[in-house]
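Right, one structure below, let's go through it.
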Amino acid sequence: QLPAMPAQSKMMGAVPACKPRRSTTLLAAGAGACVASSLALSSSLGYVAPARQPVQTRPASATGSALLPAAAVAGAEIPGAGALAVGGAAFAVGLVAATARAGSRRAKAAGSIALPRGMAVVRSARGGEEDTRVCIPLEELRNTDVDKVGGKSASLGEMISQLSDVGVPVPGGFSTTAFAYKEFLDKGGINDFINEKLSDESIYEDVDKLMAVGQAIRDKIMDTPFQPDFEEELKRQWERVSGGSDTFTFAVRSSATAEDLPDASFAGQQETYLNVMGYEDMKAKVHLVFASLFTDRAISYRHDRGFEHSKVQLCATCQKMVRSETGAAGVMFSLDTESGFRDVVFVTSAYGLGETVVGGTVNPDEWYVFKPTLAEGKDAIVSRTMGSKLIKMVYSKGGGSETVPTTEEEQKSWSATDQEVTDLAVMAVKIEKHYGRPMDIEWARDGDDGKLYIVQARPETVASQKKVGVIEDYKMLEKGGEVLAEGRAVGKRIGSGQVNVLKSIDEMSSFEQGQVLVADMTDPDWEPIMKKAGAIVTNRGGRTCHAAIIARELGIPAVVGSGDATERLAVGDEVTVSCCEGDTGRIYKGLLKFERTEQDLGELPEVGMKIMMNVGNPETAFTFGQLPNEGIGLARLEFVINNAIGVHPKALLNYETLDATTKALVDQKMRGYASPKEFYVQKIVEGVATLAASVYPKRIIVRLSDFKSNEYKSLIGGDQYEPDEENPMIGFRGCGRYTDPFFEEC
Numbered sequence: 001q002l003p004a005m006p007a008q009s010k011m012m013g014a015v016p017a018c019k020p021r022r023s024t025t026l027l028a029a030g031a032g033a034c035v036a037s038s039l040a041l042s043s044s045l046g047y048v049a050p051a052r053q054p055v056q057t058r059p060a061s062a063t064g065s066a067l068l069p070a071a072a073v074a075g076a077e078i079p080g081a082g083a084l085a086v087g088g089a090a091f092a093v094g095l096v097a098a099t100a101r102a103g104s105r106r107a108k109a110a111g112s113i114a115l116p117r118g119m120a121v122v123r124s125a126r127g128g129e130e131d132t133r134v135c136i137p138l139e140e141l142r143n144t145d146v147d148k149v150g151g152k153s154a155s156l157g158e159m160i161s162q163l164s165d166v167g168v169p170v171p172g173g174f175s176t177t178a179f180a181y182k183e184f185l186d187k188g189g190i191n192d193f194i195n196e197k198l199s200d201e202s203i204y205e206d207v208d209k210l211m212a213v214g215q216a217i218r219d220k221i222m223d224t225p226f227q228p229d230f231e232e233e234l235k236r237q238w239e240r241v242s243g244g245s246d247t248f249t250f251a252v253r254s255s256a257t258a259e260d261l262p263d264a265s266f267a268g269q270q271e272t273y274l275n276v277m278g279y280e281d282m283k284a285k286v287h288l289v290f291a292s293l294f295t296d297r298a299i300s301y302r303h304d305r306g307f308e309h310s311k312v313q314l315c316a317t318c319q320k321m322v323r324s325e326t327g328a329a330g331v332m333f334s335l336d337t338e339s340g341f342r343d344v345v346f347v348t349s350a351y352g353l354g355e356t357v358v359g360g361t362v363n364p365d366e367w368y369v370f371k372p373t374l375a376e377g378k379d380a381i382v383s384r385t386m387g388s389k390l391i392k393m394v395y396s397k398g399g400g401s402e403t404v405p406t407t408e409e410e411q412k413s414w415s416a417t418d419q420e421v422t423d424l425a426v427m428a429v430k431i432e433k434h435y436g437r438p439m440d441i442e443w444a445r446d447g448d449d450g451k452l453y454i455v456q457a458r459p460e461t462v463a464s465q466k467k468v469g470v471i472e473d474y475k476m477l478e479k480g481g482e483v484l485a486e487g488r489a490v491g492k493r494i495g496s497g498q499v500n501v502l503k504s505i506d507e508m509s510s511f512e513q514g515q516v517l518v519a520d521m522t523d524p525d526w527e528p529i530m531k532k533a534g535a536i537v538t539n540r541g542g543r544t545c546h547a548a549i550i551a552r553e554l555g556i557p558a559v560v561g562s563g564d565a566t567e568r569l570a571v572g573d574e575v576t577v578s579c580c581e582g583d584t585g586r587i588y589k590g591l592l593k594f595e596r597t598e599q600d601l602g603e604l605p606e607v608g609m610k611i612m613m614n615v616g617n618p619e620t621a622f623t624f625g626q627l628p629n630e631g632i633g634l635a636r637l638e639f640v641i642n643n644a645i646g647v648h649p650k651a652l653l654n655y656e657t658l659d660a661t662t663k664a665l666v667d668q669k670m671r672g673y674a675s676p677k678e679f680y681v682q683k684i685v686e687g688v689a690t691l692a693a694s695v696y697p698k699r700i701i702v703r704l705s706d707f708k709s710n711e712y713k714s715l716i717g718g719d720q721y722e723p724d725e726e727n728p729m730i731g732f733r734g735c736g737r738y739t740d741p742f743f744e745e746c
């Protein structure tokens with residue numbers, strides 16, 4: 001192999017410079033080779049590239065090679081420096097026959113050059129013709145190939161080729177192409193049918209009409225068979241990756257050419273199929289993926305965001321499955337999804353296949369990892385929250401997947417170790433640095449080899465797009481309202497309205513504009529009514545699931561993972577949904593008063609002093625840390641003790657002597673920690689670390705707890721240790737408490 005030729009050559013004169021490409025080796029029946037330099041002579045000349053449909057000038061030879069005139073190759077741009085085996089004679093195509101005149105002259109002498117199946121000549125990008133390959137190995141793709149294979153496949157190829165050597169392992173595979181999808185629609189006569197069905201604007205205002213149109217289009221696609229040449233290449237790629245084994249498992253996912261643009265999230269708009277085994281199963285799943293471009297949610301989503309349906313093509317990413325059904329999987333973001341704070345990596349995890357986390361059917365474990373200390377090689381996990389993890393997704397026998405209950409031991413254990421979380425955060429930082437923007441990343445831990453893998457990465461499309469320098473603030477004006485349910489807050493807004501509890505997507509037609517949507521869970525199929533909701537409340541789901549991502553993008557407050565909101569809230573109830581009070585989202589009884597303010601930081605006046613903030617709640621620290629400040633001048637520990645710990649320190653020290661009821665409450669609080677003492681200390685550490693991280697490297701001043709006796713008494717087990725005082729304000733508190741033998745060991 002030779003390096004790419006310089007832009008100037010004595011033999012050829014001026015030649016346009018071209019970027020080196022990946023090597024492509026072209027093998028034929030004969031022996032010998034000719035070395036071709038990577039040259040692009042003009043926009044009118046073609047280049048040789050791997051493709052499914054070769055350009056044949058006469059019938060294929062018995063060896064299966066397509067025959068191509070040498071004139072088409074002479075002087076052509078060959079990706080990288082490859083070798084052409086041609087009838088036993090070695091000669092320099094790029095060096096000798098590089099000009100159009102020389103190419104024409106030598107074409108007559110050389111006759112035809114044999115190319116293998118899967119090769120085709122297409123014009124360069126400047127010539128305006130597209131790559132006609134119908135399948136491309138992931139390792140041959142780069143991020144610039146989004147128009148060929150969609151965002152997901154292009155991103156996977158980019159990571160495989162650019163990040164594998166720096167510690168970001170990505171499973172291999174292949175992708176079908178946008179060209180293959182367009183050919184399928186064109187030759188199958190599907191385009192006219194689609195255009196006719198989608199020309200009626202009224203379908204976007206009527207959920208029932210939209211569902212009927214979507215079903216009709218999907219049926220048309222599924223009833224149309226693939227072209228034989230596409231099936232042949234699909235099988236060849238399946239055999240290449242699987243070795244022809246029917247037990248080799250794939251994940252087949254959608255990859256849209258307009259997917260995951262920095263200003264729009266297509267998360268979950270099309271389908272994903274796991275544990276796909278055998279060629280026939282893969283072909284069927286690719287067919288389903290193609291049809292999923294026209295799910296009700298995808299049609300509605302594209303229309304609302306101004307994407308022309310005909311401008312979006314769908315490809316199928318066929319990737320080796322990571323055996324996480326016996327391991328764990330999750331999602332991570334290279335920023336805080338709620339505040340947009342850029343100095344942390346937010347990691348989520350649950351047992352089994354990652355679709356439970358992505359789809360919001362499980363409440364996962366969560367961690368925040370601080371980037372500056374991560375870069376210094378120090379302990380960097382500043383916060384962790386254990387999820388309930390009541391179910392996990394595993395492989396079904398014979399293919400597919402199913403959900404099963406987790407064991408009690410799994411529910412009270414972390415689904416990933418601190419070292420694994422740290423390793424994942426390191427990968428996230430590398431991926432973010434390579435792409436130059438915050439990223440939304442899916443990962444998996446293989447239960448067989450114990451290794452971590454990145455299975456998807458796309459630009460984060462919500463928090464990173466917020467207006468810089470403008471602070472939007474929501475505030476409850478009525479305090480002390482009755483809390484009907486609580487969960488994980490998504491966004492920082494407040495919404496209110498009448499409750500409508502939907503048991504399934506089939507009840508969508510009963511939902512009215514401005515109502516509060518309450519459901520067990522909302523996956524992206526619900527998107528057509530999510531955009532009509534005043535707020536969203538679900539029993540299940542974490543803050544990185546598809547529903548949460550879509551809710552953020554729509555700007556709708558959502559509370560996920562509430563546990564039993566569908567039981568606590570009834571149809572017609574008037575409620576206020578608050579996501580402005582930290583990580584915990586609350587559903588209050590009644591339509592309470594609140595206010596919204598917007599402040600342009602550029603309009604704030606200069607002050608003649610350095611101002612530090614009072615911040616005691618770690619859950620709001622990342623938001624406040626982005627305000628102009630000189631650090632935190634007062635960080636009270638009371639909030640951490642009351643909210644993150646919630647147990648009297650004496651009860652933890654005397655854990656073994658607690659009554660059964662109190663011990664059960666303490667056990668629930670300290671899940672995942674080795675001892676009561678470790679739980680208390682670690683929660684204090686995490687609270688202070690989160691506050692410090694929010695303003696790093698500025699100072700933070702921490703004040704020890706000044707709880708009064710009645711406040712300590714309200715903690716779990718507190719009634720067994722605290723006195724009844726007439727006036728706790730001047731009672732057993734402060735330094736007097738810390739120096740008292742009763743409290744000294746606390």
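Using UniProt numbering, you'd call the opening residue of the sequence shown number 1 and step up by one each time. Think of the CB as a built atom: it goes at the ideal place given N, C-alpha and C, for glycine as much as any other residue. Because the structure is a prediction, the values reported are computed rather than measured.
- Inter-residue distance for glutamate 139 and lysine 320 is about 13 angstroms (C-alpha atoms, whole angstroms).
- Contact annotation: tryptophan 443 and isoleucine 454 have beta-carbon atoms nearer than 7 angstroms.
- The distance from the Cβ of isoleucine 684 to that of valine 640 is about 6 angstroms, consistent with a contact at the 8 angstroms cut-off.
- Between valine 575 and valine 516, the C-beta spacing is below 7 angstroms.
- Take alanine 284, set aside five residues on each side of it, and no residue of its chain has a beta-carbon closer than 7 angstroms to its own.
- For the pair arginine 384 and tryptophan 367, the CB atoms are nearer than the 7 angstroms cut-off.
- DSSP lists Gly330, Ile454 as the beta-bridge partner residues of tryptophan 443.
- Burial check for arginine 737: the Cβ neighbour count within 10 Å reaches 16 or more, so the residue is buried.
- For valine 404 and lysine 392, the gap between their C-alpha atoms comes out near 6 angstroms.
- A contact is defined here as three or more CB-CB pairs under 8 angstroms, and the segment 182-200 meets this definition with respect to the segment 301-320.
- The segment 724-733 makes contact with the segment 692-708, as at least three CB pairs between them are under 8 angstroms.
- Cβ atoms of threonine 544 and valine 344 stay farther apart than 8 angstroms, at about 13 angstroms.
- Around the beta carbon of arginine 445, a 10 Å sphere encloses 16 or more other beta carbons of the protein chains shown; the residue is thus reported as buried.
- A direct Cα-Cα distance of roughly 21 angstroms separates leucine 452 from proline 459.
- Between the segment 272-279 and the segment 238-250, the count of Cβ pairs shorter than 8 angstroms is three or higher; the stretches touch.
- Between aspartate 564 and valine 499, the gap from beta carbon to beta carbon reaches 7 angstroms or more.
- Boundaries of the alpha helix (DSSP H) around cysteine 735: 734-738.
- If you draw a straight line from the Cα of glycine 340 to the Cα of glutamine 411, it is about 30 angstroms long.
- Going by DSSP, tryptophan 526 is part of no beta strand (DSSP E) at all; its letter is neither H nor E.
- Straight across, the Cα-Cα distance linking aspartate 440 with valine 518 is about 27 angstroms.
- Residue nearest to leucine 569 within the set Gly497, Glu183, Leu627 is Gly497 (criterion: CA-CA distance).
- Around threonine 144, the same chain offers Ala154 as residues with beta carbons nearer than 8 angstroms, after the five sequence neighbours per side are excluded.
- Considered as a whole, the segment 581-669 harbours 584-589, 594-600, 632-636 as its complete beta strand (DSSP E) runs of no fewer than 3 residues, in chain order.
- If you draw a straight line from the Cα of leucine 604 to the Cα of isoleucine 471, it comes to about 12 angstroms.
- Between valine 688 and valine 702, the gap from beta carbon to beta carbon is short of 7 angstroms.
- The segment 360-376 makes contact with the segment 534-552; the number of CB pairs closer than 8 angstroms reaches 3 or more.
- Here DSSP, grouped into helix, strand and coil, assigns arginine 384 to strand.
- In this structure, the alpha-carbon of glutamine 599 lies about 18 angstroms from that of isoleucine 611.
- For leucine 198, the uninterrupted alpha helix (DSSP H) segment begins and ends at 191-198.
- Secondary structure of glycine 150 (DSSP, three-state): helix.
- Judged by DSSP in its simplified three-state form, lysine 187 adopts helix.
- Counted as a single uninterrupted DSSP element, the stretch harbouring phenylalanine 511 is not any beta strand (DSSP E), since DSSP gives it neither H nor E.
- Among the bridge pairs identified by DSSP, alanine 284 is matched with none.
- DSSP places arginine 437 in no beta strand (DSSP E); its state is neither H nor E.
- The C-alpha of threonine 522 lies about 6 angstroms from the C-alpha of alanine 547.
- By the Cβ rule, the segment 296-306 counts as touching the segment 196-215, because three or more pairs are nearer than 8 angstroms.
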